[in-house]
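Undergrad: Numbering (our numbering), first residue to last: 3 to 165.
Have a look at this one.
Okay, here's the thing in C-alpha cells:
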C-alpha cells in the first residue's frame, strides 16, 4: 500500500511540476507571438516608408532632370542618365534589400531599356569625377543616394558652366 501511495505521490508531484512548466512555456509562447505580430507591423510600416521615400526621390530626380533638360543640358547626358532616374524606385528597393544589388538591378533596367545601354552608362560614369565613381562603386543604398545626387549635381553644374 505504501508503494502505491509513493508512486501516486510521485505521479501527482510530476504532474504538478509539468503543469507549471507547461504554463510557463505557454506564457512564453504568447509573448513571442505578440512580439512577432508587432515586428511584422513595424516591418510593414518600414517597407511602406522606404517605398514612399523611393517614390519621392524618384519624382525629385525626374523634376531636376527635366529642369536641366529644359535649360539646355546635353541630350546625350540626359539620355544616358534617363533610365537610371526612371527606374530609381526599383533600384532603391533592391538596394534596401542588401549590398551588391544596386548594380544588378541597374543593369537589368538599362538592358530592358536598350541593348548595350548599361555599358554606355558605365563608360560615361568612368569619365566622371572620382567622387562620383566612388559613389557608384559602393554598390549600396548609401552609394545609390550619393551617386544620384552627385550625377544630378554634375549635370546642373555642367549646365551652369555652359551658361
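No residue lacks a Cβ here, since even glycine has one placed at the ideal position from N, Cα and C.
1) Report yes or no: do the region 77–91 and the region 41–51 share at least 3 C-beta pairs separated by less than 8 Å?
2) For residue 108, count neighbouring C-beta atoms within 10 Å of its own C-beta (all shown protein chains included) and say buried if the count is 16 or more, exposed if not.
3) Please return the same chain residues whose Cβ sits closer than 6 Å to the Cβ of residue 66, not counting the five positions on each side in sequence.
4) Output needed for residue 52: all residues of its chain with C-beta closer than 6 Å, excluding positions within five of it in sequence on either side, in chain order.
5) Report the three-state DSSP secondary structure of residue 16 (helix, strand or coil).
6) Excluding the 5 residues flanking residue 103 on each side, which residues of the same chain have their C-beta closer than 7 Å to its C-beta?
7) Give me the Cβ distance between residue 134 and residue 156, rounded to the nearest whole Å; I'm assuming they're in contact under 8 Å.
8) How about residue 91 and residue 60: are their beta carbons less than 7 Å apart?
TA: Taking the definition as stated:
1) Short answer: they don't touch.
2) As a position in the chain shown, residue 108 is number 106, starting the count at 1. Looking at its Cβ environment, which holds 16 or more other Cβ atoms inside 10 Å, residue 108 is buried.
3) The residue given as residue 66 occupies position 64 in the chain shown. These residues qualify, in order along the chain: 154.
4) Translated into positions along the chain shown, residue 52 becomes position 50. For residue 52, where only same-chain residues beyond five positions count, the Cβ hits under 6 Å are 98.
5) Counting from 1 along the chain shown, the entry for residue 16 is found at position 14. For residue 16, the three-state secondary structure derived from DSSP is helix.
6) As a working note, residue 103 is residue 101 in the chain shown. The answer, listed in chain order, is 96, 97.
7) Position 132 of the chain shown, counted from the first residue, corresponds to residue 134. Position 154 of the chain shown, counted from the first residue, corresponds to residue 156. With 8 Å as the limit, residue 134 and residue 156 qualify as a contact, their Cβ atoms being about 6 Å apart.
8) As a first step, residue 91 is located in the chain shown; it is residue number 89 there, counting from the start. As a first step, residue 60 is located in the chain shown; it is residue number 58 there, counting from the start. A contact, by the Cβ cut-off of 7 Å.
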